[in-house]
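Enquirer: Pasting a structure here, questions to come.
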DNA sequence: TCGACTTTGTGCGTGCGTTCACAAGGGCTT
DNA sequence: AAGCCCTTGTGAACGCACGCACAAAGTCGA
Ligand SMILES: NC(=O)c1ccc[n+]([C@@H]2O[C@H](COP(=O)([O-])OP(=O)(O)OC[C@H]3O[C@@H](n4cnc5c(N)ncnc54)[C@H](O)[C@@H]3O)[C@@H](O)[C@H]2O)c1
Ligand SMILES: NC(=O)c1ccc[n+]([C@@H]2O[C@H](COP(=O)([O-])OP(=O)(O)OC[C@H]3O[C@@H](n4cnc5c(N)ncnc54)[C@H](O)[C@@H]3O)[C@@H](O)[C@H]2O)c1
């Protein structure tokens, strides 16, 4: 379930405030979902609340963390230390959630050897060895679009089965491999779509096209 | 439909290769979706293909661009020029899709006044004026979590109705406002979840918890 | 100890998105 | 000009996820 991380975050906030128990209604509001959905999600993973009281925050944090596999640390490799890769590498919010930045790789000789956040950038040629040695289980691709598929293939060949892809391409991978794609251009385009709807929607279909192609 | 941008990207690739027409089957493969779904999506927005041939690439590009509102330029403000904000500001992939970085805002005096990608970072105090003057219609929030809701409120008060949020918080906004959230920690957590499943799933439920809390 | 109140867990109806499968329609070849 | 073949557009079934609403269950006060 993709909502568990959201619940977990909300629970951490509550825990930090010293709150011991929480009702499904309160937690659902904090997570921005329906309370019935929340209860169904929680019951689905076998956690029990107490009727008349609610859920014990600490217990739920542990249950969800375990379900998500956050009771262990995961080693992550960042491939491509350009604009985006550096931002990710310098972000502290990952380490605090059990994700350890274990390796950084790039093809640019000017970047290889650089130290970022206490880690030395390795050359992409060493990919296979680095991934094996560091016990990488998740790869983050922040390389240009044309490089994404080739790099992805190499990563998969090393046995990595989880990939977070920032390049604007559809990656082809074997079934056993999970790919999640973050495409910021698409997010903006979806916003633009709705924005346009609010403003009255598109008009002058055929006319506009002919003018654009042939001139007025 | 959230898939239109994906189709559009695939079409641009085809157009660059000089391809004139494309069948739903081919385009669907390139976009990573089912061909029936693709045809339904396209028919849904009124575009017509030619039976026995397929769709004209250029025509489809124009149709989808128009539907998404990409025939006009949108002015975007980036708020928070830290790690992530800078990466976004320096990214060329937005401008080429009709999104103009029109304003940058930050609260840190050390950052205000800096020039990034040809634009001067303004102080967040000037938010209201900048948004109005630059005709901002989309705001990108790349500020720390605690600052997100207050900044969001101010942006919404200026009349902005589209927000892209990178802060790990659930934003509360009026109904007319669209918020899209990009949460990279959640993406990693979802990958970890599946990774754990592949490795055999969680085991030793109650036992583990009691040990973690009470000691062995 | 008992009753009233609170909150969980879930059965069920509903609505949406996906997918199969096919008929209608247009091009291309002969 | 006519038939063959390819591809679109869509009807209909399927499945899933959401959310309402309620009974079971446990707590807290008297
Ligand atoms: N920066 C953004 O805000 C942003 C937004 C949306 C999408 N993206 C996408 O994210 C990806 C990275 O963006 P960026 O702005 O960081 O680009 P960038 O050009 O700044 O960085 C890319 C890095 O990848 C390295 N690289 C190139 N080929 C490589 C290879 N074969 N193996 C290893 N490393 C290689 C380059 O040396 C460079 O350091 C791109 O696909 C881009 O489209 C970025
Ligand atoms: N960097 C990443 O890879 C990454 C990954 C996931 C999530 N995020 C989230 O994105 C957001 C930004 O991350 P970051 O790494 O760039 O953080 P950062 O601390 O590097 O940058 C935040 C910027 O926001 C500015 N700021 C603070 N308060 C402000 C206010 N009230 N108004 C305007 N500007 C203000 C700061 O001066 C700073 O420049 C955070 O919420 C973070 O949790 C970042």
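Chains as they are written, first to last, in our numbering: chain A, 58 to 273; chain B, 58 to 273.
Every residue gets a Cβ at the ideal spot worked out from N, C-alpha and C, and that includes glycine.
For residue 226/B, which three-state DSSP category applies?
Expert: Three-state result, residue 226/B: coil.
Enquirer: Check residue 78/B in the structure and name its three-state DSSP category.
Expert: In the structure shown, residue 78/B sits in a strand (DSSP, three-state: E or B).
Enquirer: Residues of the segment 204-230 of chain B with a CB closer than 7 Å to any CB of chain A: list them in chain order, please.
Expert: Of all residues in the segment 204-230 of chain B, 218, 219, 221, 225, 227 have a Cβ within less than 7 Å of some Cβ in chain A.
Enquirer: Straight-line CA distance for residue 159/A to residue 255/A?
Expert: Residue 159/A and residue 255/A: Cα-Cα distance of roughly 45 Å.
Enquirer: How about residue 188/B and residue 146/B: do their beta carbons lie closer than 8 Å?
Expert: Taking 8 Å as the Cβ cut-off, residue 188/B and residue 146/B do not qualify as a contacting pair.
Enquirer: Tell me whether residue 243/A counts as near ligand 1, meaning its Cβ is closer than 7 Å to at least one heavy atom of that ligand.
Expert: Every heavy atom of ligand 1 is 7 Å or more from the Cβ of residue 243/A, so no.
Enquirer: Residue 350/B lies in the alpha helix (DSSP H); which residues open and close that run?
Expert: Any answer about residue 350/B is impossible in this case: the structure gives chain B only from 58 up to 273.
Enquirer: Return the residue from the list 216/B, 86/B, 227/B, 58/B that minimises the CA-CA distance to residue 100/B.
Expert: The candidate whose alpha carbon is nearest that of residue 100/B is 58/B.
Enquirer: Rounded to a whole number of angstroms, what is the C-alpha to C-alpha distance between residue 153/B and residue 249/B?
Expert: Straight-line Cα distance between these residues: approximately 34 Å.
Enquirer: Relative to the C-alpha of residue 114/B, which candidate in 81/B, 132/B, 180/B, 143/B has its C-alpha closest?
Expert: Of the listed residues, the one whose Cα sits closest to residue 114/B is 81/B.
Enquirer: Can you find a CB in chain B that lies within less than 8 Å of the CB of residue 235/A?
Expert: Cβ-Cβ to chain B under 8 Å: yes for residue 235/A.
Enquirer: Measuring straight from C-alpha to C-alpha, what distance separates residue 177/A and residue 161/B?
Expert: Approximately 31 Å between the Cα atoms of the pair.
Enquirer: Taking the straight line between their C-alpha atoms, what separation do you get for residue 272/A and residue 240/B?
Expert: Caution is warranted here: a pLDDT of 39 is assigned to residue 272/A, below 50, making its placement in the model unreliable, and the coordinate value is therefore given only provisionally. Roughly 43 Å between the two C-alpha positions.
Enquirer: Where does residue 103/A land, buried or exposed, given buried means 16+ other C-beta within 10 angstroms?
Expert: Residue 103/A should be labelled exposed.
Enquirer: Using a C-beta cutoff of 8 Å, does residue 264/B count as contacting chain A?
Expert: Note on residue 264/B: pLDDT 42, under 50, position unreliable in the model; the coordinate value appears next. So, not an interface residue.
Enquirer: In whole angstroms, what is the alpha-carbon distance linking residue 236/A and residue 218/B?
Expert: If you take the alpha carbons of residue 236/A and residue 218/B, they lie about 31 Å apart.
Enquirer: Just the Cα atoms here: how many angstroms apart are residue 173/A and residue 149/A?
Expert: Taking the straight line from one Cα to the other gives about 13 Å.
Enquirer: Which bits of chain B does residue 252/A rub up against, with CB to CB less than 8 Å?
Expert: What residue 252/A touches in chain B: 126, 131, 194, 195, 218, 219, 235.
Enquirer: Is the shortest distance between the beta-carbon of residue 62/A and the beta-carbons of chain B less than 8 Å?
Expert: With 8 Å as the cut-off, residue 62/A counts as an interface residue toward chain B.
Enquirer: For the segment 69-101 of chain B, which residues have a CB atom closer than 8 Å to at least one CB atom of chain A, in sequence order?
Expert: Taking 8 Å as the Cβ-Cβ cut-off against chain A, the residues of the segment 69-101 of chain B that qualify are 87, 88, 89.
Enquirer: Please tell me whether residue 195/A and residue 228/A are closer than 8 Å, where the distance is taken between their beta carbons.
Expert: No; because the gap between Cβ atoms is not below 8 Å, this pair is not in contact.
Enquirer: Within its chain, find whatever has a CB closer than 6 Å to the CB of residue 87/A; leave out the 5 residues flanking it on each side and keep chain order.
Expert: The residues are 67.
Enquirer: For the beta strand (DSSP E) holding residue 134/A, just list the boundary residues, first then last.
Expert: Counting along the chain, the beta strand (DSSP E) containing residue 134/A begins and ends at 131-136.
Enquirer: Quick one: is the Cβ of residue 42/A within less than 7 Å of any heavy atom of ligand 1?
Expert: Within the shown structure, residues of chain A are numbered from 58 to 273, placing residue 42/A beyond reach of any answer.
Enquirer: At which residues does the beta strand (DSSP E) containing residue 233/B begin and terminate?
Expert: Here residue 233/B belongs to no beta strand (DSSP E), and DSSP marks it neither H nor E.
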